[in-house]
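Quick note: to get the numbering used here, add 547 to the position in the sequence shown (first position is 1).
Ideal Cβ positions, reconstructed from N, Cα and C, are used throughout, including at glycine.
Model, not experiment: these values are computed from the prediction.
Everything below concerns the one structure shown next.
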Amino acid sequence: MSGKNLQDYWKTNIRYVLMLLVVWFLVSYGAGILWEDALNNIRLGGF
548 MSGKNLQDYW KTNIRYVLML LVVWFLVSYG AGILWEDALN NIRLGGF
(Lines of atoms letter the chains of each structure in order from A; the text may use other names.)
(Lines give C-alpha, C1' and ligand atoms only; values in the text may rest on other atoms or scores of the structure.)
Protein backbone atom coordinates (compact mmCIF):
# COMPACT_ATOMS: atom_id res chain seq x y z
CA MET A 548 0.00 0.00 0.00
CA SER A 549 1.13 3.51 -0.62
CA GLY A 550 1.50 6.11 2.11
CA LYS A 551 -1.80 7.81 1.23
CA ASN A 552 -3.69 4.50 1.33
CA LEU A 553 -2.20 3.61 4.71
CA GLN A 554 -3.10 7.01 6.11
CA ASP A 555 -6.68 6.68 4.85
CA TYR A 556 -6.88 3.13 6.22
CA TRP A 557 -5.83 4.17 9.72
CA LYS A 558 -8.05 7.24 9.71
CA THR A 559 -11.05 5.05 8.83
CA ASN A 560 -9.98 2.39 11.32
CA ILE A 561 -9.73 4.90 14.18
CA ARG A 562 -13.13 6.34 13.24
CA TYR A 563 -14.72 2.87 13.47
CA VAL A 564 -13.03 2.15 16.80
CA LEU A 565 -14.25 5.45 18.26
CA MET A 566 -17.80 4.83 17.04
CA LEU A 567 -17.80 1.37 18.61
CA LEU A 568 -16.47 2.76 21.89
CA VAL A 569 -19.26 5.35 21.96
CA VAL A 570 -21.89 2.66 21.30
CA TRP A 571 -20.32 0.45 23.98
CA PHE A 572 -20.40 3.30 26.50
CA LEU A 573 -24.00 4.25 25.73
CA VAL A 574 -25.27 0.68 25.95
CA SER A 575 -23.41 -0.08 29.18
CA TYR A 576 -24.50 3.23 30.71
CA GLY A 577 -28.11 2.64 29.69
CA ALA A 578 -28.14 -0.96 30.88
CA GLY A 579 -26.36 -0.24 34.14
CA ILE A 580 -28.16 2.89 35.24
CA LEU A 581 -31.26 3.64 33.22
CA TRP A 582 -32.64 0.08 33.09
CA GLU A 583 -31.48 -0.94 36.57
CA ASP A 584 -34.94 -1.83 37.91
CA ALA A 585 -35.89 -3.90 34.88
CA LEU A 586 -32.58 -5.77 34.92
CA ASN A 587 -32.83 -6.50 38.66
CA ASN A 588 -36.06 -8.43 38.04
CA ILE A 589 -34.42 -10.90 35.65
CA ARG A 590 -33.56 -14.25 37.23
CA LEU A 591 -31.03 -16.60 35.64
CA GLY A 592 -30.39 -20.03 37.10
CA GLY A 593 -32.36 -19.29 40.28
CA PHE A 594 -30.21 -16.35 41.34
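- Pairing Ile-561 with Trp-571, the inter-Cα distance amounts to about 15 Å.
- Met-548 carries a coil assignment under DSSP once its states are collapsed to helix, strand and coil.
- If you check the CB distance, Leu-568 and Ala-578 do not come in under 8 Å.
- Taking the Cα positions, Ser-549 is about 40 Å away from Tyr-576.
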